[in-house]
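One structure is given here, and the rest of the page talks about it.
Protein chains: 2
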Amino acid sequence: MTTKAYQKLEASFSEIIDLDRVIELLNWDQSVKMPASGATARAKQRSTMVKIKHQKLTAEDIPDLLNEAELHKENLSDWEQANLHEMRRYYNEASALPSDLLQALTYKAAECHTIWETARIDDDFQAIAPTFEELISLTKEKAAILSETSSSNLLYDALLDQFDAGSTYADIQPIFDELSVWLPNFLQNVLDNQQETIKLDRNIPADKQQELATWLLDKMGYHGRFDTSSHPFSIGRIGDVRITTRYHEDNFINYAVLCVMHEGGHGLYDMQLPKKWQSQPVGGALDISMAVHESQSMVWEMQIGHTQEFWNFITPKCSKVFEIDNDNPAWSAENLCATSNLVKADFIRVDADEVTYPLHILLRTKLEKALIEGNLSVKDLPDAWNDEMQKSLGIIPPTNRLGCLQDPHWYLGDFGYFPAYLLGAMNAAQIFDAMSHDIQGFNSKIENGDFNHVKEWLKINVHQHGCLHSPKELIKVATGKSLQVDIYKKHLTTRYLKA
Amino acid sequence: MTTKAYQKLEASFSEIIDLDRVIELLNWDQSVKMPASGATARAKQRSTMVKIKHQKLTAEDIPDLLNEAELHKENLSDWEQANLHEMRRYYNEASALPSDLLQALTYKAAECHTIWETARIDDDFQAIAPTFEELISLTKEKAAILSETSSSNLLYDALLDQFDAGSTYADIQPIFDELSVWLPNFLQNVLDNQQETIKLDRNIPADKQQELATWLLDKMGYHGRFDTSSHPFSIGRIGDVRITTRYHEDNFINYAVLCVMHEGGHGLYDMQLPKKWQSQPVGGALDISMAVHESQSMVWEMQIGHTQEFWNFITPKCSKVFEIDNDNPAWSAENLCATSNLVKADFIRVDADEVTYPLHILLRTKLEKALIEGNLSVKDLPDAWNDEMQKSLGIIPPTNRLGCLQDPHWYLGDFGYFPAYLLGAMNAAQIFDAMSHDIQGFNSKIENGDFNHVKEWLKINVHQHGCLHSPKELIKVATGKSLQVDIYKKHLTTRYLKA
Numbered sequence: 001m002t003t004k005a006y007q008k009l010e011a012s013f014s015e016i017i018d019l020d021r022v023i024e025l026l027n028w029d030q031s032v033k034m035p036a037s038g039a040t041a042r043a044k045q046r047s048t049m050v051k052i053k054h055q056k057l058t059a060e061d062i063p064d065l066l067n068e069a070e071l072h073k074e075n076l077s078d079w080e081q082a083n084l085h086e087m088r089r090y091y092n093e094a095s096a097l098p099s100d101l102l103q104a105l106t107y108k109a110a111e112c113h114t115i116w117e118t119a120r121i122d123d124d125f126q127a128i129a130p131t132f133e134e135l136i137s138l139t140k141e142k143a144a145i146l147s148e149t150s151s152s153n154l155l156y157d158a159l160l161d162q163f164d165a166g167s168t169y170a171d172i173q174p175i176f177d178e179l180s181v182w183l184p185n186f187l188q189n190v191l192d193n194q195q196e197t198i199k200l201d202r203n204i205p206a207d208k209q210q211e212l213a214t215w216l217l218d219k220m221g222y223h224g225r226f227d228t229s230s231h232p233f234s235i236g237r238i239g240d241v242r243i244t245t246r247y248h249e250d251n252f253i254n255y256a257v258l259c260v261m262h263e264g265g266h267g268l269y270d271m272q273l274p275k276k277w278q279s280q281p282v283g284g285a286l287d288i289s290m291a292v293h294e295s296q297s298m299v300w301e302m303q304i305g306h307t308q309e310f311w312n313f314i315t316p317k318c319s320k321v322f323e324i325d326n327d328n329p330a331w332s333a334e335n336l337c338a339t340s341n342l343v344k345a346d347f348i349r350v351d352a353d354e355v356t357y358p359l360h361i362l363l364r365t366k367l368e369k370a371l372i373e374g375n376l377s378v379k380d381l382p383d384a385w386n387d388e389m390q391k392s393l394g395i396i397p398p399t400n401r402l403g404c405l406q407d408p409h410w411y412l413g414d415f416g417y418f419p420a421y422l423l424g425a426m427n428a429a430q431i432f433d434a435m436s437h438d439i440q441g442f443n444s445k446i447e448n449g450d451f452n453h454v455k456e457w458l459k460i461n462v463h464q465h466g467c468l469h470s471p472k473e474l475i476k477v478a479t480g481k482s483l484q485v486d487i488y489k490k491h492l493t494t495r496y497l498k499a
Numbered sequence: 001m002t003t004k005a006y007q008k009l010e011a012s013f014s015e016i017i018d019l020d021r022v023i024e025l026l027n028w029d030q031s032v033k034m035p036a037s038g039a040t041a042r043a044k045q046r047s048t049m050v051k052i053k054h055q056k057l058t059a060e061d062i063p064d065l066l067n068e069a070e071l072h073k074e075n076l077s078d079w080e081q082a083n084l085h086e087m088r089r090y091y092n093e094a095s096a097l098p099s100d101l102l103q104a105l106t107y108k109a110a111e112c113h114t115i116w117e118t119a120r121i122d123d124d125f126q127a128i129a130p131t132f133e134e135l136i137s138l139t140k141e142k143a144a145i146l147s148e149t150s151s152s153n154l155l156y157d158a159l160l161d162q163f164d165a166g167s168t169y170a171d172i173q174p175i176f177d178e179l180s181v182w183l184p185n186f187l188q189n190v191l192d193n194q195q196e197t198i199k200l201d202r203n204i205p206a207d208k209q210q211e212l213a214t215w216l217l218d219k220m221g222y223h224g225r226f227d228t229s230s231h232p233f234s235i236g237r238i239g240d241v242r243i244t245t246r247y248h249e250d251n252f253i254n255y256a257v258l259c260v261m262h263e264g265g266h267g268l269y270d271m272q273l274p275k276k277w278q279s280q281p282v283g284g285a286l287d288i289s290m291a292v293h294e295s296q297s298m299v300w301e302m303q304i305g306h307t308q309e310f311w312n313f314i315t316p317k318c319s320k321v322f323e324i325d326n327d328n329p330a331w332s333a334e335n336l337c338a339t340s341n342l343v344k345a346d347f348i349r350v351d352a353d354e355v356t357y358p359l360h361i362l363l364r365t366k367l368e369k370a371l372i373e374g375n376l377s378v379k380d381l382p383d384a385w386n387d388e389m390q391k392s393l394g395i396i397p398p399t400n401r402l403g404c405l406q407d408p409h410w411y412l413g414d415f416g417y418f419p420a421y422l423l424g425a426m427n428a429a430q431i432f433d434a435m436s437h438d439i440q441g442f443n444s445k446i447e448n449g450d451f452n453h454v455k456e457w458l459k460i461n462v463h464q465h466g467c468l469h470s471p472k473e474l475i476k477v478a479t480g481k482s483l484q485v486d487i488y489k490k491h492l493t494t495r496y497l498k499a
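Going line by line, the protein sequences match chains A and B. So in the working numbering, spot 6 of the first sequence is number 6, and the numbers just go up one at a time. So in the working numbering, spot 156 of the second sequence is number 156, and the numbers just go up one at a time.
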């Protein structure tokens, strides 16, 4: 029942997906295996592959084929229609921006990122301000062009859409506003009632942490490569999925357990995608929605990985692999779990706990929207940042290094990315809520390390859908309702106040 | 002084070289790191990359640009002219064969190879004969088309040319004929005079062998990746070169030493190519000549790696890493060297020593030429093989598995490849001869593990030339004379009869 135009598109996009996989592999290899002396040649190889992909995506016959296939889309199955929708999105994204603007943006972002690396270390915001202003101005140009084909006239919406397709500020504003009011009080309440934990009295060598992590991934049902790299990440699809972590000898909880569960969650998503569609856009993870992809890592890391049941399961293995005395109170399941859940108002986002993390995101969302919409000038950014930190977390960064210079995103031109981190955490809470109701005896299954039902539930309700649904629909399909801020609030309250 | 047409070609071929590197990496990754479950998707990725490379090579503007650049090649430097010559060769190779013949060949070769895998194990030549006949017939079709643009009317020459550009049967025939007469008598002489060796009384675990091999590669001045794979190989250029080996606990000499020197020799060649030309065809190793590339591995493996001086250097390290008593006579430098030089008439080429190996090649060259020229029918191959074995090595294989079914080459459609192995060994002997005369105190340098002069000599006289010269010219440039069979014979005589 398919059409000729659609079939031709499938043939072309199958090659484009191959190029995507190859580009991923070039990056994986560079991070994990390549000698540093290969960097220049590798950068050139990657840029050639990206160029070829762009040429294939914008080949002369593609727009006509898309139009033709769309005209007769009633002849296509649901999956084919969704695939066609993804093809259209790929094409629009590749063809929307004029190549001179794209080049200028790429160049300016690279320049700004290089200056940022030094400016952050030197705590010198002035050094980056002029280049950053130019980058924002180019980003606004980009947003203006992308807005032309959208129904919203907010520049920021065009940027949000890049990382969470279909998402608008009007969608997230009520949720973010509600959390902006609720979270600071909640945080104070948590801090006032928080019990003390015992500090872990031993460093754990990387090879022992790796032994634990490998065992944990096997329990999760992850069966791809597992390597070490300076920044943890995941790549791949179906039969060849790869994840990495790094190790810190004084923090096995964050890196050998939680980060590994995070990347393992991404990996399981990629492993369990619909095999039949593996060489088509619709067969990918919902990369169009950072908020969905992050939910699949966070449901393991932030939901399961912070429960007492999980720590009851993993603690005996930690004791055995790390050779810890069973009666050492610092290494009890209770203390390890409490340590994983410690809340502290602090300056750095990536080190933040589950309660303060969303406040970091709300701050960044507010400020980046203001920068893009012209309501905040670059020179006022440091003060605005510090004001917001005091209002939400009650602390003021002593330096810009611990403030508005800490994250690379903006200085790489990535505006509109941050909200997905919070939406991902909320999606994860809602998915966990649905899953733990659906699976009988959920808590005791976690306590026994029997993750098979979790893996299967996520496969059926999320992974197997590929890109069949929009991000918003998928949450509804998986959990029976659209995103509910109350579920997230209830989760935080239960974990941090009723424990 | 370059021309516009030439500059455009450089831009296109720079992308083609990127694709070559990427295809190499896909293969490396599959052999060394990829989970087996990724094989199907990887095959598709590779075939897409090969297709894109073919499209780029045969793009509409390439023939006109080549013609235009060639018309004005007096405006180009020597390197640019050599680069243009390589571009022409790439293009002719890619465009010579009609795509339906190429497809038929690829398909038939894959089919034949699959049948061969089982037929070899079952020792069943009949099972493969019909498909093999079809493959030969397609190969003859290919050779006939390739012959059209050549001055030779011998089909076999068109196949030889693929693996050693410019080489014809008329070139190699006198050399091969001379060796066919000389070698069987020489072999008998060696066997009659060979001294006994003491069998090595210990197996060495793979990790200890790896420690030795890593140390040896460092001494050779090789600084790329070094991994394990089931079939040893090398890839890369300049800043990112990678080699592999495998380990056999009962044979550290062949795998942790000689195979590692072999691949390390390839690796040094690729590392020391002219950096300025790294993204152009002329900046590659002389891949057009297997006989040259193999000489760069064999000069280390077969020449240096079999000398008493080399074993005097490496034996103390072996004793230390393997924890061998110093007075164990089996593990003395003399016995290890003698073991590495043991000569025995046997059936399998890949396990053959330096004296019997060329006889295996002469046999294959004679038979494959006869198969292609129509002087030998497939059904008569097993008998012809066994007759030749008896004439040259004095033994008859008890099965075809140990006879004409042992090598994959023919069953993959690779005819014309074998002679390069012998020419490579001869080139290596001649290069070693020139080098050991040029470098003062050569033997004592080897004995001290001071390989820096070897690495430098090869860099200046071979590696830095890239594809500036033809294979035949390069041997002249490096050694001052064209290939001399006497140097090779003298080498064998000195090593095996005058030691």
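All residues carry an ideal CB built from backbone N, CA and C; glycine is no exception. Owing to the predicted nature of the structure, the values given are computational and were not obtained by experimental measurement.
Under 8 Å between C-beta atoms of residue i and residue j
| i | j | result |
| --- | --- | --- |
| Thr-307 (chain A) | Leu-200 (chain A) | no |
| Glu-447 (chain A) | Asn-326 (chain A) | no |
| Pro-281 (chain B) | Glu-86 (chain B) | yes |
| Met-271 (chain A) | Gly-424 (chain A) | no |
| Phe-252 (chain A) | Gln-209 (chain A) | yes |
| Ala-119 (chain B) | Leu-405 (chain B) | yes |
| Thr-356 (chain B) | Gln-430 (chain B) | no |
| Gly-394 (chain B) | Ala-345 (chain B) | yes |
| Leu-101 (chain B) | Glu-148 (chain B) | no |
C-alpha gap between residue i and residue j, whole angstroms
| i | j | result |
| --- | --- | --- |
| Arg-89 (chain A) | Ser-151 (chain A) | 16 Å |
| Phe-451 (chain A) | Met-220 (chain A) | 6 Å |
| Tyr-496 (chain B) | Val-190 (chain B) | 6 Å |
| Leu-363 (chain B) | Ile-487 (chain B) | 22 Å |
| Pro-174 (chain B) | Val-378 (chain B) | 26 Å |
| Leu-319 (chain A) | Asn-443 (chain B) | Checking the sequence, you will find Ser at residue 319 (chain A) rather than Leu. Their backbone Cα atoms lie some 57 Å apart in a straight line. |
| Phe-310 (chain B) | Val-462 (chain B) | 22 Å |
| Glu-117 (chain A) | Lys-472 (chain B) | 52 Å |
| Lys-369 (chain B) | Lys-498 (chain B) | 35 Å |
Close Cβ partners of residue i (< 6 Å) along its chain, the five nearest in sequence each way excluded
| i | result |
| --- | --- |
| Leu-258 (chain A) | Glu-301 and Gly-305 |
| Ser-14 (chain A) | Ser-279 |
| Ile-361 (chain A) | Phe-418, Tyr-421 and Leu-422 |
| Gly-224 (chain A) | Val-241, Arg-242 and Gly-267 |
| Arg-202 (chain B) | none |
Integer Cβ distance of residue i from residue j, believed to fall under 8 Å
| i | j | result |
| --- | --- | --- |
| Ala-41 (chain B) | Arg-21 (chain A) | 7 Å |
| Lys-44 (chain A) | Asp-18 (chain B) | 6 Å |
| Leu-187 (chain A) | Leu-359 (chain A) | 7 Å |
Residue range of the beta strand (DSSP E) that includes residue i
| i | result |
| --- | --- |
| Arg-88 (chain A) | Taken as a continuous stretch (DSSP letters only), Arg-88 (chain A) belongs to no beta strand (DSSP E), being part of the alpha helix (DSSP H) at 78–96. |
| Val-241 (chain A) | 240–245 |
Contact set for residue i: own chain, Cβ-Cβ below 8 Å, skip 5 residues either direction
| i | result |
| --- | --- |
| Gln-126 (chain B) | none |
| Trp-215 (chain A) | Lys-317 and Val-321 |
| Ala-213 (chain A) | Phe-226, Thr-245, Ala-256, Val-257 and Val-260 |
Alpha helix (DSSP H) segment containing residue i, residue limits
| i | result |
| --- | --- |
| Thr-118 (chain A) | 99–122 |
| Gly-265 (chain B) | 259–271 |
| Met-46 (chain B) | Before going on, a small fix: residue 46 (chain B) reads as Arg here, not Met. Element bounds for Arg-46 (chain B): 39–57. |
| Phe-226 (chain A) | Where Phe-226 (chain A) is concerned, there is no enclosing alpha helix (DSSP H), although the beta strand (DSSP E) it sits in stretches over 225–228. |
Beta-carbon contacts of residue i that lie in its chain and below 7 Å, excluding the five residues immediately before and after
| i | result |
| --- | --- |
| Ser-95 (chain A) | Thr-58 |
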